[in-house]
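Okay, so here's the structure we're looking at.
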Amino acid sequence: MVQAGIRWLLVLFVLEGIAVIATYQIFFPIECHATGIAGLCRGLRIVFISAICVFAAFAVLICGRTRSWHRFLELIKAASRKPLWGNVHLLGVMVIFLPVLIIPPGEVNEKFLYVFILLAGGGALAALGSLFWVLRPLSWWEWLGTERFQPLVILLLAALIPSLAHLIEPLWAVEFVSTATFKGVALLLSAVGPEVFIEPGRAWIGLPGFVVAVASQCSGIEGFALITGFMVIYAVLFRETLRQNVFWLVLWPIALLASWVFNILRITVLILIGRYVSPELAVNGFHSFAGWLLFIFLALGILYLAQAIPALRRVNYTLPEREKLSADPVAALIVPFIAFMISGVIAHAFWENPALGYPFQAAVMLGVLVWMRRALFPQIRLSLDPFSIAAGLVVGAAWVWFSEPYQEDDLVLGALSGSAFLAWAMVRTLGTTLLVPVVEEAFFRGYILARLDTGSPAAKAIAVLVSTALFAALHGRLILAGIAGLLFAAAMLRRGRLGDAVVAHIVANASVAAVAWYSGQWSLI
Numbered sequence: 395m396v397q398a399g400i401r402w403l404l405v406l407f408v409l410e411g412i413a414v415i416a417t418y419q420i421f422f423p424i425e426c427h428a429t430g431i432a433g434l435c436r437g438l439r440i441v442f443i444s445a446i447c448v449f450a451a452f453a454v455l456i457c458g459r460t461r462s463w464h465r466f467l468e469l470i471k472a473a474s475r476k477p478l479w480g481n482v483h484l485l486g487v488m489v490i491f492l493p494v495l496i497i498p499p500g501e502v503n504e505k506f507l508y509v510f511i512l513l514a515g516g517g518a519l520a521a522l523g524s525l526f527w528v529l530r531p532l533s534w535w536e537w538l539g540t541e542r543f544q545p546l547v548i549l550l551l552a553a554l555i556p557s558l559a560h561l562i563e564p565l566w567a568v569e570f571v572s573t574a575t576f577k578g579v580a581l582l583l584s585a586v587g588p589e590v591f592i593e594p595g596r597a598w599i600g601l602p603g604f605v606v607a608v609a610s611q612c613s614g615i616e617g618f619a620l621i622t623g624f625m626v627i628y629a630v631l632f633r634e635t636l637r638q639n640v641f642w643l644v645l646w647p648i649a650l651l652a653s654w655v656f657n658i659l660r661i662t663v664l665i666l667i668g669r670y671v672s673p674e675l676a677v678n679g680f681h682s683f684a685g686w687l688l689f690i691f692l693a694l695g696i697l698y699l700a701q702a703i704p705a706l707r708r709v710n711y712t713l714p715e716r717e718k719l720s721a722d723p724v725a726a727l728i729v730p731f732i733a734f735m736i737s738g739v740i741a742h743a744f745w746e747n748p749a750l751g752y753p754f755q756a757a758v759m760l761g762v763l764v765w766m767r768r769a770l771f772p773q774i775r776l777s778l779d780p781f782s783i784a785a786g787l788v789v790g791a792a793w794v795w796f797s798e799p800y801q802e803d804d805l806v807l808g809a810l811s812g813s814a815f816l817a818w819a820m821v822r823t824l825g826t827t828l829l830v831p832v833v834e835e836a837f838f839r840g841y842i843l844a845r846l847d848t849g850s851p852a853a854k855a856i857a858v859l860v861s862t863a864l865f866a867a868l869h870g871r872l873i874l875a876g877i878a879g880l881l882f883a884a885a886m887l888r889r890g891r892l893g894d895a896v897v898a899h900i901v902a903n904a905s906v907a908a909v910a911w912y913s914g915q916w917s918l919i
């Protein structure tokens, strides 16, 4: 029980990180060169990337040091978790998102000093609160002392990986590296069009109408540092079971080659997006966290491969059996929402108008829900509860009444052909009315509210407020979404059934969708 609780607390931190990246990369973008204090801006970016690397390294540490992890869980079990630190963490998260509420998007670069203060202060509070929410300060010291502070050394190494990447950036100036990379990109681009512009000496490459100068920090060189850094961590953690010579002489060169090929594919795709879809999307793809995140996933994938290849392990070592993720009832409440969020970020990154990418999001949600169905659906018992239906109708009516008449999405969708528009409208309607309510209610009411509600009236009130605030922040329209969140929470708490909140959400979204079909105002959904 303790292990499941801490596991999904860590998942909550991951979701918060995704929300921060999506907010400040897509919805509220910051351009460091336009802030006037580019050094502070880039420093803050490096700190955030270091935090991601530390989190990923902690996940590797959990897998590599089973005994250490069990000691960690025992300390958590022995000590009660203080709500103070959870509140500090939540306060920090709210401060991080405060600039979105008080600073107009067009003034974010001009007023970046205030944004920096809020992001740095909120980040410090969130990080400190998360550390001591998981484990008390003295318990951390006890655990690290028992482990001879080796986990601290490993996590510090992970934190230094972005700095290591900065140190090897001059590799991009080596003619062989840049020329080989650009020739690989040119080979792939030539399949699309014969006129490929390439000038490695000035780091220029592209197609007619879209040419980019690939700077060292955007070149993918950081992939080499990430791969090497995480492989060092893995080699240290699994030194008793790993065949080091095969690991370094065979897998490491293959991993570096994979990173190089991956970078060629990344540059090629971004240039194609810039030429045929949106130059702005392509430029943001180079100057974003996306590259770092993708290289981190690549590094973790290589480590997973290393764990699965018998030739890299000593004969007397066997992998422990693990419970299937799809059978975990807690995972069933969280994983669909993670997939929903990630698919939303991808839709914003690869579609100039994200609404057109909704079929992709719907396919992702449907696939994950089918995968998790055995663990999720028994927790959702649907019934036609009058209160839930009434709450849904109230939310739907308010959402339509206070909406803006027409938005840009309506004009973009109107440009689709008849059959394409009909297909989009049907997918959007089914996704909005059937998939989204299950995904969002499972996470906000089934997980967040239920986990924070310890039974006391004060805890119940805090659980409702926190889950509602997060729900409202996701939907943008804070007051309306906040009221909707309160009504959905009331529907669930009235009979203690998650299915009642899902029914209320389905009715609300279905009523809004009906108005959208009747009026043609598709921006409603």
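Counting from 395, one number per residue, gives the positions in the sequence shown under the numbering used here.
All C-beta atoms, glycine included, are put in the ideal place defined by N, C-alpha and C.
Keep in mind that this is a model prediction, so the values were computed, not measured.
The stretch 757-773 and the stretch 725-737 touch, with three or more beta-carbon pairs separated by less than 8 Å. Boundaries of the alpha helix (DSSP H) harbouring Ala875: Leu872 to Arg889, taken from the DSSP string. Ranking His742, Leu404, Ile665 and Leu538 by CA distance to the CA of Ala416 puts His742 first. Assignment of beta strand (DSSP E) within the stretch 612-666, counting only whole runs of 3 or more residues, yields no such run. Counting of Cβ neighbours within 10 angstroms places Ile431 among the exposed residues, the total staying below 16. Contact between the stretch 858-865 and the stretch 827-839 is present, with at least three C-beta pairs closer than 8 Å. Inclusion of His899 and Gly786 in the CB contact set at 8 Å is warranted, their separation being smaller than that value.
When the alpha-carbon of Pro594 is set against those of Pro704, Thr573 and Leu846, the nearest one is in Thr573. Rounded to whole angstroms, the separation of the alpha carbons of Ala910 and Ser917 is 8 Å. Nearest to Leu525 by alpha-carbon distance, out of Ala883, Leu558 and Gly486, is Gly486.
In terms of Cβ geometry, Phe618 and Ser584 do not form a close pair [threshold 8 Å].
Annotated three-state conformation of Phe604 is strand, per DSSP. No beta strand (DSSP E) of 3 residues or more sits fully in the stretch 546-580. In the three-state reduction of the DSSP assignment, Arg401 falls in the helix class. No Cβ-Cβ contact shorter than 8 Å links Arg542 with Thr635.
The Cβ-Cβ distance between Val509 and Pro499 does not fall below 8 Å.
Taking the CA atoms as reference points, Val605 sits about 12 Å from Phe576.
The three-state reading of DSSP puts Arg707 in strand, counting E and B together. With a contact defined as Cβ atoms closer than 8 Å, Gly411 and Ile446 qualify at about 7 Å. DSSP, reduced to helix, strand and coil, places Trp598 within a strand of the structure shown. Of the residues assessed, Trp795 falls on the exposed side of the cut-off, its CB having fewer than 16 other CB atoms within 10 angstroms. In the three-state reduction of the DSSP assignment, Phe815 falls in the helix class, which pools H, G and I. Annotated as proximal: Thr823 and Ala907, with beta-carbon spacing under 8 Å. Going by beta carbons, Leu438 and Ala514 fall inside the 8 Å limit. When the alpha-carbon of Leu872 is set against those of Pro556, Thr827, Leu887 and Ala792, the nearest one is in Ala792. Looking at the DSSP output, Glu593 shares a beta bridge with Trp598.
Apart from sequence neighbours up to five positions away, the residues of its chain that approach Leu880 with a beta-carbon distance below 8 Å are Val858 and Thr862, ordered along the chain. Rounded to the nearest whole angstrom, the C-alpha separation of Ile736 and Phe689 is 16 Å. Met735 sits in a helix when the DSSP states are folded into three classes. Boundaries for Thr848: no alpha helix (DSSP H) harbours it, and the DSSP string shows neither H nor E there. Closest in alpha carbon position to Arg530, among Leu469, Ile511, Ser444 and Ala607, is Leu469. A residue is called buried once 16 or more other Cβ atoms fall within 10 Å of its Cβ, and Thr429 is buried on that count.
For the options Gly587, Gly685 and Arg596, the alpha carbon positioned closest to that of Leu659 is the one of Gly685. When the alpha-carbon of Pro423 is set against those of Asn503, Ile443 and Phe449, the nearest one is in Asn503. The DSSP-derived three-state label of Thr429 is coil.
With a beta-carbon spacing of about 14 Å, Phe744 and Ile665 fall beyond the 8 Å limit used to define contacts.
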